[in-house]
Amino acid sequence: MKDDLSDAGFETRAVRFAQQRTHEREHSEAIFMTSSFVFDNAAQAAARFSGQEQGNIYGRFHNPTVRTFEQRLASLEGGESCVATASGMSAILATVIALLQAGDHMVASKSLFGSSIALFDNYLKKFGVEVTYVTLSNVDDWAAAVTPATKMLFAETPSNPLTEVCDIQALADVAHDCGALLVVDNCFCTPAIQRPLEFGADIVIHSATKYLDGQGRALGGAVVGNSDLVGDKIFSFLRTAGPSMSPFNAWIFTRGLETLSLRMKAHSENARLIANWLESHDKIERVYYPGLASHPQYEVANKQHDDSGGIVAFDVVGGQEAAWKVMDSLSLMSITANLGDVKTTITHPTSTTHFRISAEQRAAAGIGDGLLRISAGLESANDLIADLDQALN
Ligand SMILES: *Cc1c(COP(=O)(O)O)cnc(C)c1O
96 MKDDLSDAGF
106 ETRAVRFAQQ
116 RTHEREHSEA
126 IFMTSSFVFD
136 NAAQAAARFS
146 GQEQGNIYGR
156 FHNPTVRTFE
166 QRLASLEGGE
176 SCVATASGMS
186 AILATVIALL
196 QAGDHMVASK
206 SLFGSSIALF
216 DNYLKKFGVE
226 VTYVTLSNVD
236 DWAAAVTPAT
246 KMLFAETPSN
256 PLTEVCDIQA
266 LADVAHDCGA
276 LLVVDNCFCT
286 PAIQRPLEFG
296 ADIVIHSATK
306 YLDGQGRALG
316 GAVVGNSDLV
326 GDKIFSFLRT
336 AGPSMSPFNA
346 WIFTRGLETL
356 SLRMKAHSEN
366 ARLIANWLES
376 HDKIERVYYP
386 GLASHPQYEV
396 ANKQHDDSGG
406 IVAFDVVGGQ
416 EAAWKVMDSL
426 SLMSITANLG
436 DVKTTITHPT
446 STTHFRISAE
456 QRAAAGIGDG
466 LLRISAGLES
476 ANDLIADLDQ
486 ALN
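Here the sequence shown is numbered in the working numbering, starting from 96 and rising by one per residue.
Spelled out as structure tokens, the structure:
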């Protein structure tokens, strides 16, 4: 094994990669709560600012605690570079602002996170970037939407909330055939389950708020990719515009990475048990979970995923009224917008996370009024299923 652990196993890197122990010999990673760094003399300050000498300057762009998180996540995703951001949305913002310009065209899936669609439609379009939305799982649809101006394909797989899956390798081919980049939001799987760069994606986006933290404590995001796109272009936007991750949050997310692999196995197991149970319930119209043989992209999911993840969605017979009644009758699961938490959460996408997109767009994405989304936590599966059972009755 190499000294820097770059060839160690996933779990070893998740626990130890890129730790920079100080002279105090702390065992756990230190938190550097400082907004700037001191230079030895005026000449060193000048050398740092001109880029002649590498090293810490100012907290908007350098912090050792944040750097440990960035290097560890980059290693887990198999990327050269990572930049950490204040939230998942600022990771997406930094990516599109840094890599696109007026006149460019982007193809994105209809089934994106609601705020991503709002960001593209309400702000990106304002700066002259056109966006075409296609069906995530239909490669021909993506290929047909490409124009000579297409510079980016943007996918989230599995999607929120329907867990629709795209073939990353096929999309990477479509992107590279036209000289565009493939960006994948890997929030639902995390690198413990899916590493999009291995299938040809150019950039991976994270909302660290979700599974990377895993305990619902802090907001953060990250972008992973090669050193030109991420280490240079996206980092340059970040250091200029400032949606940087706080050192304290980076420390929390580094703790989260240590247990990521174990947690994703446990989330997946609970979600699988819930999905199987729901599938045989007569008040449930349909269950969406990539680990079910009934899932339309079951084969692709099997190829791409090491496990099936913690998100399960299902249509309750009787629309919104029935769905709300189920939610209000639950005693254990939390009604909250977050996902990827140790505590199981449930949401009604139509009236919450996907409220800001039009009814037309929701219908096109297949998000019905009776749809509920569960993010399976780490409670006992028996208790979660008993909670759903009494609520459905
Ligand atoms: C939550 C989420 C985001 C946004 O992340 P924030 O940290 O809330 O800004 C982006 N993409 C997906 C898939 C998400 O679930």
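We put the beta carbon where it would ideally sit given N, CA and C, even for glycine.
Residues in its own chain within less than 7 Å of residue i by CB, not counting five upstream and five downstream?
i: Ser322; result: Glu175, Ser176
i: Ile347; result: Asp308, Arg312, Ala313
i: Ala103; result: Met96
i: Thr127; result: Correcting the residue identity first, residue 127 is Phe in this sequence and not Thr. So the list reads Asn158, Pro159, Thr160, Pro342, once near-sequence residues are dropped.
i: Thr107; result: Leu100
i: Thr129; result: Gly154
Given the structure, does residue i come close to ligand 1, in the sense that its CB is under 7 Å from one of the ligand's heavy atoms?
i: Glu172; result: no
i: Cys282; result: yes
i: Gly404; result: no
i: Asn255; result: yes
i: Ser339; result: no
i: Phe134; result: no
i: Leu292; result: no
i: Thr304; result: yes
i: Gly311; result: no
i: Gly316; result: yes
i: Leu355; result: no
i: Met184; result: yes
i: Phe208; result: yes
i: Glu259; result: no
i: Ser123; result: no
i: Glu380; result: no
i: Ala434; result: The question names Ala, but residue 434 in the sequence shown is Leu. For ligand 1, at least one heavy atom lies less than 7 Å from the Cβ of Leu434.
i: Ser211; result: yes
Helix, strand or coil: which one does DSSP assign to residue i?
i: Met201; result: strand
i: Phe249; result: strand
i: Thr122; result: According to the sequence as given, residue 122 is His; it is not Thr. His122 falls in the coil class under three-state DSSP.
i: Glu225; result: strand
i: Gly351; result: helix
i: Asp135; result: coil
i: Ile462; result: coil
i: Ser176; result: strand
i: Arg381; result: strand
i: Ala103; result: coil
i: Asp235; result: helix
i: Phe409; result: strand
i: Ser130; result: coil
i: Ser389; result: coil
i: Thr335; result: helix
i: Ala317; result: strand
i: Tyr306; result: coil
i: Thr190; result: helix
i: Leu195; result: coil
i: Leu207; result: coil
Spatial neighbours of residue i within its chain, please: C-beta separation below 6 Å, excluding the five flanking residues on both sides.
i: Ile452; result: Gly209, Ile212
i: Glu380; result: Asp410, Val412
i: Pro385; result: Pro253, Thr258, Val260, Ala396, Ser403
i: Gln392; result: Ser232, Val260
i: Ser302; result: Gly183, Cys282, Gly316
i: Ala113; result: Thr163, Gln166, Arg167
i: Gly424; result: Checking the displayed sequence, the identity of residue 424 turns out to be Ser instead of Gly. Taken in chain order, the residues that qualify are Ala486.
i: Ala366; result: Gly405, Val407, Ala471
i: Ala193; result: Lys328, Ile329, Phe332
i: Ala361; result: Leu473
Near residue i, what residues of its chain come up, given a Cβ to Cβ distance below 8 Å and the 5 sequence neighbours on each side ignored?
i: Glu271; result: The residue you asked about is not Glu; residue 271 is His in the sequence shown. Closer than 8 Å at Cβ, skipping near neighbours: Leu277, Gly295.
i: Glu374; result: Val382, Leu387, Ser389
Tell me the rounded alpha-carbon separation between residue i and residue j.
i: Val241; j: Gly146; result: 39 Å
i: Gly337; j: Glu416; result: 43 Å
i: Lys438; j: Ser470; result: 8 Å
i: Gly326; j: Asp262; result: 27 Å
i: Leu333; j: Ala459; result: 34 Å
i: Ile298; j: Asn488; result: 45 Å
i: Leu266; j: Pro243; result: 17 Å
i: Phe249; j: Leu427; result: 36 Å
i: Leu467; j: Trp419; result: 9 Å
i: Lys205; j: Ala239; result: 15 Å
i: Leu479; j: Ala287; result: 24 Å
i: Val407; j: Glu251; result: 16 Å
i: Gln264; j: Ser131; result: 42 Å
i: Gly435; j: Ala197; result: 35 Å
i: Glu364; j: Thr335; result: 43 Å
i: Ala432; j: Asp99; result: 38 Å
i: Gln139; j: Arg162; result: 21 Å
i: Thr349; j: Asp377; result: 43 Å
i: Gly405; j: Leu355; result: 12 Å
i: Leu171; j: Ala109; result: 7 Å
i: His118; j: Ala169; result: 26 Å
i: Asp236; j: Gln456; result: 16 Å
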